[in-house]
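Worksheet for the structure shown next.
2 protein chains.
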Amino acid sequence: MTTATAESRPYHHGDLSRALVDAARKILETDGPAALSLRAVAREAGVSPAAPYHHFKDKAELLEAVAHEGWVELDLALSKARAATETPGERMSNLGVAYVCFARDNPALYRVMYDCSRDKDALPDQLKEGGAYCQVRDTLAEQSKTPLAEMDLELATIAGWCAGHGLAEMIGFKQFAHLKEVLGGEEAFLRAVFQHLGMFAKFAED
Amino acid sequence: MTTATAESRPYHHGDLSRALVDAARKILETDGPAALSLRAVAREAGVSPAAPYHHFKDKAELLEAVAHEGWVELDLALSKARAATETPGERMSNLGVAYVCFARDNPALYRVMYDCSRDKDALPDQLKEGGAYCQVRDTLAEQSKTPLAEMDLELATIAGWCAGHGLAEMIGFKQFAHLKEVLGGEEAFLRAVFQHLGMFAKFAED
DNA sequence: GCGCAAATCTAAACGCCGTCAAGATGATCT
DNA sequence: AGATCATCTTGACGGCGTTTAGATTTGCGC
Numbered sequence: 010m011t012t013a014t015a016e017s018r019p020y021h022h023g024d025l026s027r028a029l030v031d032a033a034r035k036i037l038e039t040d041g042p043a044a045l046s047l048r049a050v051a052r053e054a055g056v057s058p059a060a061p062y063h064h065f066k067d068k069a070e071l072l073e074a075v076a077h078e079g080w081v082e083l084d085l086a087l088s089k090a091r092a093a094t095e096t097p098g099e100r101m102s103n104l105g106v107a108y109v110c111f112a113r114d115n116p117a118l119y120r121v122m123y124d125c126s127r128d129k130d131a132l133p134d135q136l137k138e139g140g141a142y143c144q145v146r147d148t149l150a151e152q153s154k155t156p157l158a159e160m161d162l163e164l165a166t167i168a169g170w171c172a173g174h175g176l177a178e179m180i181g182f183k184q185f186a187h188l189k190e191v192l193g194g195e196e197a198f199l200r201a202v203f204q205h206l207g208m209f210a211k212f213a214e215d
Numbered sequence: 010m011t012t013a014t015a016e017s018r019p020y021h022h023g024d025l026s027r028a029l030v031d032a033a034r035k036i037l038e039t040d041g042p043a044a045l046s047l048r049a050v051a052r053e054a055g056v057s058p059a060a061p062y063h064h065f066k067d068k069a070e071l072l073e074a075v076a077h078e079g080w081v082e083l084d085l086a087l088s089k090a091r092a093a094t095e096t097p098g099e100r101m102s103n104l105g106v107a108y109v110c111f112a113r114d115n116p117a118l119y120r121v122m123y124d125c126s127r128d129k130d131a132l133p134d135q136l137k138e139g140g141a142y143c144q145v146r147d148t149l150a151e152q153s154k155t156p157l158a159e160m161d162l163e164l165a166t167i168a169g170w171c172a173g174h175g176l177a178e179m180i181g182f183k184q185f186a187h188l189k190e191v192l193g194g195e196e197a198f199l200r201a202v203f204q205h206l207g208m209f210a211k212f213a214e215d
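First to last, the sequence lines map onto chains A and B. Going by the numbering used here, the first sequence wraps up at 215, each residue one higher than the last. Going by the numbering used here, the second sequence wraps up at 215, each residue one higher than the last.
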């Protein structure tokens, strides 16, 4: 009832699928993932608890729709970051920063995105062209002076993706508050960690 | 009722806290995190749904006990991997492999461990001496020829930790099945990704 | 325009969940 | 032995995901 635009749209509610996804995202932002029940979403959209079942076969399917929107928006954030970087040398690190910042600014959405992926043991969306994975891979390929073997390119992309995701999940932990302060802010901390990936990798190799 | 050793131990049940944690872990392994309800745990332990409340203040506190056991076992797995590696040069990568293998072999437990951490915005256990974080840091320090500045050491540890955690969360995804096959198994894939961390970092810097 | 079928929504119910209050049961201590 | 306290059970509450049956509205063919 709180939102419930409730004009007299084509069908009973108009576009309830859309309204449900919006309601879910609102609850997600306001009260976090724990509060995201199907009944709460229906309540927020001003319909009965059973109404969503005419648009999504179950709660998971609604969450998938939310997650899909998340991936689309992440793709957008990454391509913006890529386009905004003139010097090619900084493109990769800026991409990483943009990725983690997206997760930091949309923590609940980011959680839903990966929860859905885990349930299906697959990353459904970002592998298509323009998807986040491909953007990392393409940026990596651009930045390499000598052309990379396809296998190396894929493995390096995965390595970078994992590092980004790991950092995205850790960025909020209190233990890092001290480092963030010393380094002068969250983004500086973030860049520092990305830079030290190289140091870690070096010591892990020799 | 299924497990319920049900001897006549000191108190009514004996050591119900222990039995509840065991029951929780059994459910976790058998049916996954989604099936882990407090009522199911009580059922498995052969007690009423309200019994756990005399030992844990709520469900989260029981999960924390489970998570704590997980961290202890992870610490053990890491120190074993460290001790089993003769050549110091391989110690770091073997540590990474051991970390991800632990997550792969105990996926539900690993999930609970990080879910609990996220709820508190902190990694509670592995920062103490002998904890997983410290093991990574110490291995890194050992392996470095020249002594590292403390800040660099910490940042490199965090970078490695993030990469390991990211990979641990991704390792099960179907998209990687092809690469695993080509590379000759999961562990080979895993080592390959770790190796390419260096390549990623290099291109991300220059 | 009208009737009908399909699409959409509501109401009510089911079994499960986390949690709490009250009472029963058993152990411990003097 | 009796008091006390920790422990466990019973029963209840509200909320959850989901299903079924029935009401309402819509769009299409006539």
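Note that CB positions come from ideal geometry on N, CA and C, so glycine has one too. Note that the coordinates shown come from a computational prediction; the quantities given were computed from them, not determined experimentally.
Chain B contact residues for residue i, given Cβ-Cβ distances below 7 Å
i, result
"His205(A)", "Asp161, Leu164, Ala165, Ala168"
Per-residue DSSP class, three states only, for residue i
i, result
"Ala59(B)", "coil"
"Ser17(A)", "Note that Ser17(A) has pLDDT 40, beneath the 50 cutoff, so the model's placement of it is unreliable and no number is given."
"Ile180(B)", "coil"
"Gly194(A)", "coil"
"Glu138(A)", "coil"
"Pro156(A)", "coil"
"Lys68(B)", "helix"
"His22(A)", "coil"
"Ser88(B)", "helix"
"Met208(B)", "helix"
"Ala131(A)", "coil"
"Glu82(B)", "helix"
"Gly173(B)", "helix"
"Asn3(B)", "In this structure chain B extends from 10 to 215, so residue 3(B) is not present and cannot be described."
"Leu29(A)", "helix"
Within-8 Å CB hit, residue i to chain A
i, result
"Asp4(B)", "In the structure as shown, chain B begins at 10 and stops at 215. Residue 4(B) is therefore absent and cannot be evaluated."
"Leu118(B)", "no"
"Lys66(B)", "no"
"Lys189(B)", "no"
"Gln135(B)", "no"
"Gly181(B)", "yes"
"Gln144(B)", "no"
"Glu196(B)", "no"
Closer than 8 Å at the beta carbon, the chain B residues around residue i
i, result
"Asp24(A)", "Those within 8 Å of Asp24(A) in chain B number zero; the least Cβ separation is about 31 Å."
"Val202(A)", "Leu164, Ile167, Ala168, Cys171"
Nearest-angstrom Cα separation, counted from residue j out to residue i
i, j, result
"Gly41(B)", "Ala112(A)", "26 Å"
"Ala201(B)", "Leu162(A)", "12 Å"
"Thr39(A)", "Lys129(A)", "27 Å"
"Arg27(B)", "Lys183(A)", "30 Å"
"Val145(A)", "Asp114(A)", "20 Å"
"Glu159(B)", "Ala172(A)", "21 Å"
"His22(B)", "Glu82(B)", "26 Å"
"Asn103(A)", "Ala165(A)", "17 Å"
"Leu49(B)", "Glu78(B)", "Note that residue 49(B) is Ala in the sequence shown, not Leu. About 20 Å."
"Thr11(B)", "Trp80(B)", "Summary for Thr11(B): the model assigns pLDDT 34, below 50, so the residue's position carries little reliability; its value from the coordinates is reported in the next sentence. Taking the straight line from one Cα to the other gives about 27 Å."
"Asp84(A)", "Ala107(A)", "10 Å"
"Arg120(A)", "Ile180(A)", "13 Å"
"Ala54(A)", "Ala141(A)", "31 Å"
"Arg52(B)", "Leu29(B)", "10 Å"
"Phe203(B)", "Ser153(A)", "19 Å"
"Gly175(A)", "Ile167(B)", "10 Å"
"Ala44(B)", "Ala86(B)", "27 Å"
"Ser46(B)", "Ala33(B)", "9 Å"
"Gly98(A)", "Leu206(B)", "17 Å"
Short CB-CB distance (under 8 Å) between residue i and chain B
i, result
"Pro19(A)", "Note that Pro19(A) scores a pLDDT of 43, beneath 50, so its modelled location is shaky; the value from the coordinates is reported in the next line. With 8 Å as the cut-off, Pro19(A) does not count as an interface residue toward chain B."
"His3(A)", "Any question about residue 3(A) goes unanswered here, given that chain A covers just 10 to 215."
"Glu178(A)", "yes"
"Ala69(A)", "no"
"Leu132(A)", "yes"
"Met208(A)", "yes"
"Leu149(A)", "yes"
"Met122(A)", "no"
"Thr14(A)", "Any reading at Thr14(A) must be qualified, since the residue scores a pLDDT of 39, below 50, and its modelled position is unreliable; no value is offered."
Under 8 Å from the C-beta of residue i: neighbouring residues of chain A
i, result
"Ser153(B)", "Phe212"
9 Å Cβ cut-off: residues of chain A touching residue i
i, result
"Leu87(B)", "What Leu87(B) touches in chain A: nothing, since even the nearest Cβ is about 14 Å away."
Q.
Does the segment 75-93 of chain B come into contact with the segment 54-61 of chain B, if we say contact requires no fewer than three beta-carbon pairs (one atom in each stretch) closer than 8 Å?
A. With the cut-off at 8 Å, the segment 75-93 of chain B and the segment 54-61 of chain B do not touch.
Q: Decide if the segment 124-139 of chain B is in contact with the segment 194-212 of chain A; the criterion is three or more beta carbon pairs, one per stretch, under 8 Å apart.
A: Because the criterion of three Cβ pairs below 8 Å is not met, the segment 124-139 of chain B and the segment 194-212 of chain A do not touch.
Q) Is the segment 116-129 of chain B touching the segment 64-83 of chain B in the sense that three or more CB pairs, one from each, lie closer than 8 Å? A) With the cut-off at 8 Å, the segment 64-83 of chain B and the segment 116-129 of chain B touch.
Q) Can you find at least 3 beta carbon pairs, one from the segment 186-194 of chain B and one from the segment 147-157 of chain A, that sit closer than 8 Å? A) The segment 186-194 of chain B is not in contact with the segment 147-157 of chain A.
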